Amino acid sequence: MEPREQAISRLKKTGYDILVVGGGVTGACIARDAALRGFTTACVDKNDWAFGTSSRSSKLIHGGLRYLEMYEFHLVFEACRERRQLLINAPHLVYAQPFTFPVHKGDANGLFLIGVGLWLYDFLALFRNVENHKMYLKERTLEMEPELDPEGLKGSGVFYDCSTDDARLTLAFALSAVDAGADCANYVEATGFLREKGDRLSGARVRDALTGEEFDVEARVVVNATGAWDDEVCQIDEPGAPAKLQLTKGAHIVVPRGRAHTENALPVVSPSDERLMFMIPRGHFTLIGTTDTYYHEDLDVPFATREDVEYMLQAANHTLPKAHLDRGDIISTYAGLRPLAMKEGGKDVAESQVSREHRIYQGHSGLLTIAGGKLTTARSMAEEMVDLAARVLRNDFSVKARRPCQTKNNPVLGTPSRDTEARVRALASNLKFDGDVLLGLFKQGTDALKVLSLVEEDGSLAELLAPEIPHIKAQVAFAAEGEMARTVDDFLVRRTEIFYTAPDQGLGVAPMVADIMGDIIGWDEEERKRQVERYGETVALSRRYNE
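Residue numbering for the sequence shown follows this note's numbering, beginning at 38 and increasing consecutively.
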């Protein structure tokens, strides 16, 4: 029985200390933390792991340099600390990303002030970043980044943050929660709450979105970690409850790196409103974004509009005037929602000025809701939430944690050992995989060995999905068997980045993916066709900027 089916079987008959509703990075981290402390724990999400914000970020693990301008030093300190922990605890998914910050004549901050700001950034990281910042004059800056506009260029500062595969990082936390003893299932929606006398929550009524089956999950404490859907869940618990979120949309575009070539990541300043964005190299591609606009539409289908795309292209061309980027260069677009914690008067400030700090709320029924925060700080947010849940369990139910928080220095499931890369290379040596295929396998950590074991059993699984796509059929099979992938979208969008980087966004290989997954899951021909059609709708949404 596969992990999801095992979890659903137990969800139907087990009472839990903590039920987490929401399978983004925050919910997955909460489930892992709670399980590691010895609490019986369940976690469900109505969609896939990282379906929402957690797979639609700028793919950065960062200290938050721009928060220095808002004097949110404590937030920067926390984020820098968590960035370092993620480098240690998920080294196959989090890696150093250098940034070049150019300074031109007339900029609001000159070289001296940029240097002071970057020194403060290093200081708040306790000088324990990958490397400390460096300052360069014009000549050296242009050697590093020859596509920059030389007119008025005075120099630059180079500093370090980190990049990640946000969806796979979230998946790693979810699978780590399972490894710690939690029962976790994607595509299980909380449709209502169970209540004791006095209106206190005692669990949730849930529906398996894949089969339609409904059942109850009993729990002493229910945590709402649904991100952009927080307010919807709170309304189920308490109709008329005040809003806790202020949603903003962040849109991104992906272009070939050859069309926006940079050595390091670069800040991109919009000439229309001076908002700061970034141009981030990711292998053969460059990610540009993100926008920041208030959002009041369908939570399930945010997308990059033509206005968003033109805004980002204008800013990118302002930074790299030789590039002449246009819509024809775009491979893919995507948009995510920031579930920012509501503040009094918050709607009267600029979107980018809304705080990224998180807040925890306790409802009259006992529902615990977490709002706000960042991908980088998900672990520490989870620690705070589980601390509160532990107090409730101790005070109200006489249930005590067996252990204190265990997540600070605890590698995620799949973290490679010293010899993992060598073992993967040895197994793959006869298969003649190129470097890009190996990089994709390395992102799976020790699970890469399980993927290659499938190839040993069936040599046809070593075949590439397509010549231009650096993934093999065995990765599809393993996603269905061991990573809870239950739709074609799950594999093409969140287990890999094919949706973002393939020339056709994976439309050509979708039928093959459906066949491989279908053989494992048991789809008939009609379901396989339906899966491919649904993936086509996902791709069409990312292309709506052309309408």
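Quick reminder that beta carbons are idealized off the backbone N, C-alpha and C, glycines included.
For clarity, every value in this text was computed on a predicted model and none was experimentally measured.
- Rounded to the nearest whole angstrom, the C-alpha separation of Val474 and His508 is 6 Å.
- Around the beta carbon of Leu174, a 10 Å sphere encloses fewer than 16 other beta carbons of the protein chains shown; the residue is thus reported as exposed.
- Put simply, the backbone Cα of Leu450 is about 30 Å away from that of Glu250.
- According to DSSP, Gly482 shares a beta bridge with no other residue.
- Closest in C-alpha terms to Leu489, from the list Lys286, Gln512 and Gly519, comes Gln512.
- When only Cα atoms are considered, Glu505 and Thr538 end up about 10 Å apart.
- For Val225, the uninterrupted beta strand (DSSP E) run begins and ends at Val225 to Arg232, by DSSP.
- In this structure Met521 touches Pro40 by the C-beta definition: roughly 6 Å separates them, less than 8 Å.
- Under the DSSP assignment, Ser91 falls outside any beta strand (DSSP E); it carries neither an H nor an E label.
- When Cβ pairs closer than 8 Å are counted between the two stretches, the region 308-315 is seen not to touch the region 271-286, the count staying below three.
- Taking C-alpha positions only, Gly235 is separated from Phe88 by approximately 35 Å.
- With 16 or more neighbouring CB atoms inside 10 Å of its own CB, His170 falls in the buried class.
- Taking the CA atoms as reference points, Gly52 sits about 19 Å from Asn223.
- Distance between Val62 and Gln43, taken at the CA atoms: about 22 Å.
- Scanning the region 230-314 for uninterrupted beta strand (DSSP E) segments of 3 residues or longer gives 238-245, 251-261, 282-293 and 303-306, listed from N- to C-terminal end.
- Annotation: the continuous beta strand (DSSP E) that includes Pro376 extends over Ser369 to Ala378.
- Residues Val258, Val259, Val260, Asn261, Ile397, Tyr398, Gln399, Met422, Leu425, Ala426 and Val429 of the same chain have their beta carbon placed closer than 8 Å to that of Leu405, with the five preceding and five following residues left out of the count.
- Pairing Asp526 with Thr575 gives a Cβ-Cβ distance under 8 Å.
- Here DSSP, grouped into helix, strand and coil, assigns Pro318 to strand.
- For Tyr348, same chain residues with a beta-carbon under 8 Å away, outside a window of 5 residues either side, are Ser307, Ser309 and Thr328 in chain order.
- Per DSSP, Cys199 lies in no alpha helix (DSSP H) segment; the continuous beta strand (DSSP E) that holds it begins and ends at Leu190 to Thr201.
- Within the region 97-127, the alpha helix (DSSP H) runs of at least 4 residues that lie entirely inside it are, in chain order, 110-126.
- Buried is the label assigned to His289, since at least 16 other Cβ atoms lie within 10 Å of its Cβ.
- No residue range can be given for His401, since it is assigned to no beta strand (DSSP E) and is classified by DSSP as neither H nor E.
- By the Cβ neighbour-count rule, Pro540 is exposed, with fewer than 16 other Cβ atoms within 10 Å of its own.
- Residue state for Gly496 is assigned as helix, using DSSP reduced to three classes.
- Residue pairing by DSSP puts Tyr132 in a beta bridge opposite Ser200.
- For Asp335 and Met107, the gap between their C-alpha atoms comes out near 30 Å.
- The beta carbon of Glu184 lies closer than 7 Å to those of His298, Thr299, Leu357, Lys359 and Ala360 in the same chain, with the five residues before and after it left out.
- Between the alpha carbons of Tyr332 and Lys286 lies a distance of about 6 Å.
- By the neighbour-count criterion, in which 16 or more other beta carbons inside 10 Å mark a residue as buried, Ser369 falls on the buried side.
- In the DSSP assignment, Thr78 falls within the unbroken beta strand (DSSP E) covering Thr78 to Asp82.
- In the displayed model, Pro548 falls within a helix according to three-state DSSP.
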